[in-house]
Structure formats: structure tokens, C-alpha cells
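Enquirer: Could you have a look at this structure, given as C-alpha cells, before my questions?
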Amino acid sequence: MHRRSLLMTAAATSLAAAAPGLAFSAPSPIKLVVPYAPGGATDVVARIVAMSMAEVMQRSIIVDNRSGAGGNIGSAFVASAQPDGNTMLFNGTTPLAINLAIERAAGFNPKKDLAPVGMVARLPTAIMVNASMPVKNVQEFIAYAKQTPRGLNYGTAGAGTLSQINAELFSAAVGTKMVGATYRGSSPLITDLIGGIVQVSFDNIGPYLPFIENGKLRALAVMTSKRSPRLPNVPTLAEAGIKDFDFPSNFAIWAPSGTAPAAISAFNKALNESLRKPEVIERLQALGFEPAPDAPAVVSQRVDFEHKTFADIIKRANIKLD
């Protein structure tokens with residue numbers, strides 16, 4: 001599927017004019033590739049950031065949705081693009097880390113073919129159940145799961161996604177038996193979680209917030225080191241006695257490898273300025289995101305951390321990509 005959406009047409013002033021010495025080509029629109037269909041968490045935050053960056057850089061930015069193959073089609077497109085400062089990738093760190101851990105030809109090497117531009121935001125993940133389940137906290141959930149002979153059914157937003165990895169990490173840590181059901185995105189998963197088809201989800205909180213707030217779903221714990229400002233009364237797993245869980249969805253921007261360091265630096269500066277705008281912070285926080293502007297090196301460090309952390313559970317649980 002290939003869909004383009006013009007977010008904003010700013011004055012056609014090149015970034016080179018704003019930052020002398022940068023060798024950008026003509027002030028054509030920047031293409032910000034989102035490797036998923038419109039409407040998901042990655043797409044939503046990309047559009048907020050793109051609009052703000054367009055204002056800062058005084059250049060048009062087009063969000064280009066190139067979905068398929070678990071995000072590999074769009075990511076590979078950017079990896080093979082000309083490093084001229086006109087094409088960037090907006091993705092999570094986890095899909096790229098999983099690509100490194102799963103032995104499957106993705107058409108590109110995330111570490112060799114992409115250059116990090118900067119971190120964007122974190123979206124906490126959580127353990128979420130139907131509100132009718134007779135559990136109020138994580139320890140009660142573990143006991144309930146262990147009393148279910150065939151194991152609870154957990155839903156995942158896709159094969160090889162963070163929601164599946166979080167489920168398998170949790171199951172291994174506490175010794176519960178669970179059976180996974182794979183969905184194409186969070187929306188159908190939420191429908192079946194509310195309907196009782198699956199019993200639990202370990203997904204990012206963004207699309208679940210309205211249903212947690214209206215009482216149809218219950219968040220038992222966030223799978224991050226700190227509580228979420230959007231769910232301040234929901235404890236962390238560490239508070240529930242389960243250590244070493246800090247696995248939010250982390251979003252970042254990359255450029256094709258070979259993009260000039262001066263261009264990367266200018267993009268990072270514009271990105272960080274965008275993420276510090278009060279109106280951008282407010283919009284992201286309302287959706288559950290936590291703005292996290294940072295240097296390109298931090299993006300690489302996060303991908304490396306997730307690659308090393310997830311490699312073992314991916315192998316033991318035989319996790320595959322779509």
C-alpha cells in the first residue's frame with residue numbers, strides 16, 4: 001500500500017539558506033517515510049512531528065506511508081534512497097532491532113544502511129486486560145493465569161512486534177503459560193480484548209487509553225521504569241515485584257547512510273526544537289507519548305540494547321516476522 005499525504009506547505013526556503021554551508025539539493029519537499037499504514041501510533045506521531053519540523057525548517061514535508069512486510073518495505077526504501085537530505089524514515093527502534101535479531105533478509109541492514117537523526121518520543125507499554133477479569137493487579141493476574149490449565153490467550157499487534165516480545169518476556173519471567181493470537185494492528189486486537197476473545201495485551205498504551213478511561217479495559221502495570229503521566233495510578237512492573245522491565249515503544253528518525261554529517265546535525269537541531277514546542281508536547285502527551293529529544297548516538301544505543309535484549313527470547317519463543 002502506498003499513500004502520500006501533504007502535511008504542510010511552508011515557504012520554499014531551503015535549509016541551506018537557514019544553515020550556511022549545507023549542501024542540500026533544491027528546496028524540494030522532504031519525504032518522511034512511515035513504513036506502516038495511516039492511523040497507527042507511528043503514523044500519528046510522525047504527522048505531528050512533521051508539521052512542526054516543517055515550520056522550523058521552512059520546508060515542505062510529505063508523510064509517505066509505505067507499509068508492508070512488518071515495516072521492511074518502507075525502511076528498505078529509505079535505506080536505498082539517495083543521501084541528499086530529502087528522504088527520511090520515521091520508525092520505532094524495536095522493528096529495526098528485531099530485524100537484526102531475526103535471521104531473515106530484510107533487503108537492508110539497519111546498522112549499515114541507515115544513519116540515525118534523533119530520538120522523538122517514547123510510548124509506554126502496559127499489561128492490559130478486560131475489566132471483567134477478576135484481577136486488580138499483576139500478582140493476582142499471575143495467579144489467575146497459572147490456574148488456567150490451557151493458558152491465557154494474549155493478543156499481539158503483529159508477528160515480531162514489541163507487543164509479542166513483551167508478552168513472551170513477561171511469560172518467561174513469571175512462569176505463566178500463554179498462547180499468542182496475532183492481529184494486524186492494535187485496533188482489531190482491542191476489539192477482541194473488549195469482546196473477551198483474548199484475555200490480555202502487552203501493547204503500547206496509546207490506542208487503549210480511551211477504553212481504559214471508560215472502564216472497559218484495565219491496565220495492571222506499565223512495562224517501563226517509570227509510571228506514565230497518562231496513567232499515574234498504574235504501577236510499574238518493578239513496583240509489582242518484577243524487575244528489569246523497561247520496554248516502551250521508542251520512536252526515532254533516520255536518514256540514508258551517507259547523508260552528510262552537517263545535514264544530520266541540522267535535522268537533529270530542527271527535530272529537537274520541534275519537540276520542545278509547548279503545543280507539540282501537549283499533543284503528544286494527550287496521546288500517551290512522552291517527548292524524548294536526543295542525539296543520534298542515543299538512537300543507535302537503543303537499537304543495540306534492544307537487539308541484545310530481545311535476541312534470546314526471539315530464538316526461544318521462535319518469533320517470526322509477518
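Every letter in the sequence shown is one number past the one before it in UniProt numbering, and letter 285, counting from 1, is 285.
Just so it is clear, CB atoms sit at the ideal spot from N, CA and C, and this is done for glycine as well.
This structure is a prediction, so every number in the text was calculated from the model and none was measured.
Along the chain, which unbroken stretches of the beta strand (DSSP E) at least 3 residues long are found entirely within the region 168-203?
Expert: Counting whole runs of 3 or more residues, the region 168-203 contains the beta strand (DSSP E) stretches 178-182.
Enquirer: Would you please state the rounded distance, in angstroms, between the beta carbons of residue 72 and residue 106? I believe it to be under 8 Å.
Expert: Going by Cβ atoms, the distance from residue 72 to residue 106 rounds to 5 Å, so yes, they are a contact pair.
Enquirer: Taking the beta carbon of residue 204 as the centre, do at least 16 other beta carbons fall within 10 Å, making it buried, or is it exposed?
Expert: Classification of residue 204: buried, given that the 10 Å Cβ count is 16 or more.
Enquirer: Is the beta carbon of residue 88 less than 8 Å from the beta carbon of residue 299?
Expert: For residue 88 and residue 299, no; Cβs fall outside 8 Å.
Enquirer: Compare the Cα-Cα distances from residue 156 to each of 191, 137, 133, 136 and report the closest residue.
Expert: Comparing Cα-Cα distances from residue 156 to each of 191, 137, 133, 136, the minimum goes to 191.
Enquirer: Residue 228 and residue 207 look like a contact to me (Cβ under 8 Å); what is the Cβ gap, rounded to whole Å?
Expert: Actually they do not touch by this definition, with Cβ atoms about 14 Å apart.
Enquirer: What did DSSP end up calling residue 141 once you bin it into helix, strand or coil?
Expert: Helix.
Enquirer: Mapping the DSSP letters down to three states, classify residue 211 as helix, strand or coil.
Expert: Helix, per DSSP.
Enquirer: Taking the Cβ atom as the reference point for each residue, do residue 211 and residue 167 lie within a distance shorter than 8 Å?
Expert: No, these two residues do not count as a Cβ contact at 8 Å.
Enquirer: Quick one: using the 10 Å Cβ neighbour count with 16 as the cut-off for buried, is residue 312 buried or exposed?
Expert: Classification of residue 312: exposed, given that the 10 Å Cβ count is below 16.
Enquirer: Please return the same chain residues whose Cβ sits closer than 7 Å to the Cβ of residue 92, not counting the five positions on each side in sequence.
Expert: The residues are 42, 249, 250, 251.
Enquirer: Is DSSP giving residue 246 helix, strand or coil here?
Expert: In this structure, residue 246 counts as coil in the three-state DSSP scheme.
Enquirer: Are the Cβ atoms of residue 57 and residue 270 separated by less than 8 Å?
Expert: Yes, these two residues count as a Cβ contact at 8 Å.
Enquirer: Roughly how far, in whole angstroms, is the beta-carbon of residue 135 from the beta-carbon of residue 144, given that I think they are within contact range, below 8 Å?
Expert: About 5 Å separates the two Cβ atoms, so the contact holds.
Enquirer: How close, in whole Å, do the beta carbons of residue 60 and residue 29 come, if the pair is a contact with beta carbons under 8 Å?
Expert: With a Cβ gap of about 4 Å, residue 60 and residue 29 count as contacting.
Enquirer: Taking C-alpha atoms, which residue in 302, 287, 194 lies nearest to residue 247?
Expert: Considering only alpha carbons, the answer is 302.
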